[in-house]
Amino acid sequence: MRLDVISIFPDYLAPLDLSLIGRARRDGLLDLRVHDLRDFAHDRHRTVDDTPYGGGAGMVMKPEPWAEALDVVAASGPPAAVPHLLVPGPGGVRFSQAMARSLAAEPWLAFACGRYEGIDERVLEHAAARMPVTVVSLGDYVLNGGEVAVLAVVEAVARLLPGVVGNAESLLEESHEDGLLEYPVFTRPASWADGDVVREVPPVLLSGDHRAIAAWRHAQRLARTAARRPDLLTTAGATTPDGLAGAQLRPATVGDAGELLTLTRACWLAEAVANDSLRIPPLTETVETMTASLGQWQTWVLRSGGRLVGTVRGRTQSGGEWRVGRLGVVPDLQGRGIGRWLLARIEERAPADAAAFVLTTGARSEGNLRMYKRAGYRIVGRDDAAGTVELTKPPRRP
Ligand code: ADE
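Residue numbers (the working numbering): 700 to 1097.
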């Protein structure tokens, strides 16, 4: 990949000679060229800024040096090739892992590092007439210039290129790759005497039981994401169900138990009628058993306008399958695809190595069976005494 960076502080980019990025440059995986904007300013003082039209504080970067620098860079590649120009700035689109992935697939990126109050807007017009241009922001805060953003973007992009990071597997299990934060990691000693406190590594990590470790790590990722970045959980899976704009899917808490009980009874009463049986576990739930279940399952609640309108839960069972359960939608909102939407969300929460998705429903619950079959499940077993069927679906694989 080729990278060109234009800046009035070329030395700011020196860290790109270090560590994995430096090695990738030396190995020829990255062709990174840093240009001094002042080389394109031709007056005696090599001036790159001037006062803003319309007044206001600070200085604005002049158009002529920028246009010349961009033209020289753009003309230095193979015939007909142009770079994708990234202009760091707090007013840009938010940089993300998804953007890093998409940029890593491009052959040539160029960066225009603004300083002061920014670059004359006509430079963006000049560039956009010649090459794709994206204004990109690291986050909702203001830096003194684009150089720090370039360091961040180049590192995030370059490490995704084949050969830059030695262990490619380590790229897969990282924060933001699948919408969840990373699980906590530990190394020796297993028992660390930290002054007068002994800090232990979680025992499951010493157990050698890989399934148990995977389940623990997945639960940690969910808990950590819920605690630190709940916004990721509500946006994972992107949309809200059709017709429920503004609805929010969140991990259930003890405070939800009472409403969950009411929702469960309302939903499973129809199951009792359809299957001609009151011996259905969800109908015998109490607020205590419901509360206890929250510690044993990942339970999710969907709220719309403050009202609890749906729920679903999942957990890894002993054979490594991801068991889905208690999928329920309030009676007046059924038939709108909300159940199917909740099913998709809980499937997304399964560990990447889940052996299969499994669930149980009433043998005569025709509406449920139709929905599950449409979602890819098939019946693999029956419990005639309980009047239930067992369904399974192969897990998604990337
Ligand atoms: N330049 C100044 N502030 C910035 C930000 N938040 N992101 C990217 N570049 C910037």
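Glycine included, each C-beta is placed from N, C-alpha and C at the ideal position. If you're wondering where the values come from, they're calculated on a predicted model, not measured in any experiment.
Can you tell me whether residue i is buried or exposed? The criterion is at least 16 other CB atoms within 10 Å of its CB, across all chains shown.
| i | result |
| --- | --- |
| residue 713 | exposed |
| residue 995 | exposed |
| residue 749 | exposed |
| residue 1071 | buried |
| residue 930 | exposed |
| residue 1097 | A caution first: residue 1097 carries a pLDDT of 48, below 50, which makes its placement in the model unreliable, though a value can still be read off. Burial call: exposed. |
| residue 898 | exposed |
| residue 937 | Here the model assigns residue 937 a pLDDT of 45, short of 50, so the residue's position is not dependable and the matter cannot be decided. |
| residue 706 | buried |
| residue 848 | buried |
| residue 952 | exposed |
| residue 813 | buried |
| residue 885 | exposed |
| residue 1061 | buried |
| residue 715 | buried |
| residue 954 | exposed |
| residue 987 | exposed |
| residue 903 | exposed |
| residue 744 | exposed |
| residue 891 | exposed |
| residue 725 | exposed |
| residue 882 | buried |
| residue 1038 | buried |
| residue 977 | exposed |
| residue 866 | exposed |
| residue 862 | exposed |
| residue 1006 | exposed |
| residue 961 | exposed |
| residue 710 | exposed |
| residue 703 | buried |
Return the first residue and the last residue of the alpha helix (DSSP H) that residue i is part of.
| i | result |
| --- | --- |
| residue 909 | 909-927 |
| residue 796 | 796-803 |
| residue 1068 | 1065-1073 |
| residue 826 | 820-827 |
Give a single yes or no on whether residue i has its beta carbon closer than 7 angstroms to a heavy atom of ligand 1.
| i | result |
| --- | --- |
| residue 815 | no |
| residue 856 | no |
| residue 788 | yes |
| residue 841 | yes |
| residue 836 | yes |
| residue 845 | yes |
| residue 756 | no |
| residue 848 | yes |
Could you spell out the range, first to last residue, of the beta strand (DSSP E) harbouring residue i?
| i | result |
| --- | --- |
| residue 1021 | 1021-1028 |
| residue 1080 | 1077-1082 |
| residue 1089 | 1087-1092 |
| residue 808 | 807-811 |
Practice task
Decide yes or no for the touch test of the segment 1033-1047 against the segment 1059-1078: beta carbon pairs closer than 8 angstroms, at least 3 of them.
Solution key: yes
Exercise for the section: Quick one: which unbroken beta strand (DSSP E) runs of 3-plus residues sit fully inside the segment 834-903? Chain order, please. Expected result: 890-893 and 896-899
Exercise for the section: Pair every Cβ in the segment 743-758 with every Cβ in the segment 782-791, then say whether three or more of these pairs are closer than 8 angstroms. Expected result: no
Exercise for the section: Mind listing, in chain order, the continuous alpha helix (DSSP H) runs of no fewer than 4 residues lying wholly within the segment 746-805? Expected result: 762-774 and 796-803
Problem - Entirely enclosed alpha helix (DSSP H) segments - the segment 705-746, minimum 4 residues - result: 718-725
Exercise for the section: Ignoring anything shorter than 4 residues or poking outside the segment 947-1020, list the alpha helix (DSSP H) runs there in chain order. Expected result: 956-974 and 986-992
Practice task
Pick out the complete alpha helix (DSSP H) segments inside the segment 1033-1059, 4 residues or longer, and give them in chain order.
Solution key: 1037-1047
Problem - contact_flag[the segment 1029-1036, the segment 965-980] where n(CB pairs < 8 angstroms) is 3 or more - result: yes
Practice task
Would you check if the segment 893-907 and the segment 828-841 touch, i.e. whether three or more CB-CB distances between them fall below 8 angstroms?
Solution key: no
Practice task
Evaluate contact between the segment 814-827 and the segment 766-780, counting only Cβ atoms and requiring at least three cross-stretch pairs below 8 angstroms.
Solution key: yes
Exercise for the section: Take every Cβ of the segment 1020-1030, pair it with every Cβ of the segment 911-926, and state whether three or more of those distances are shorter than 8 angstroms. Expected result: no
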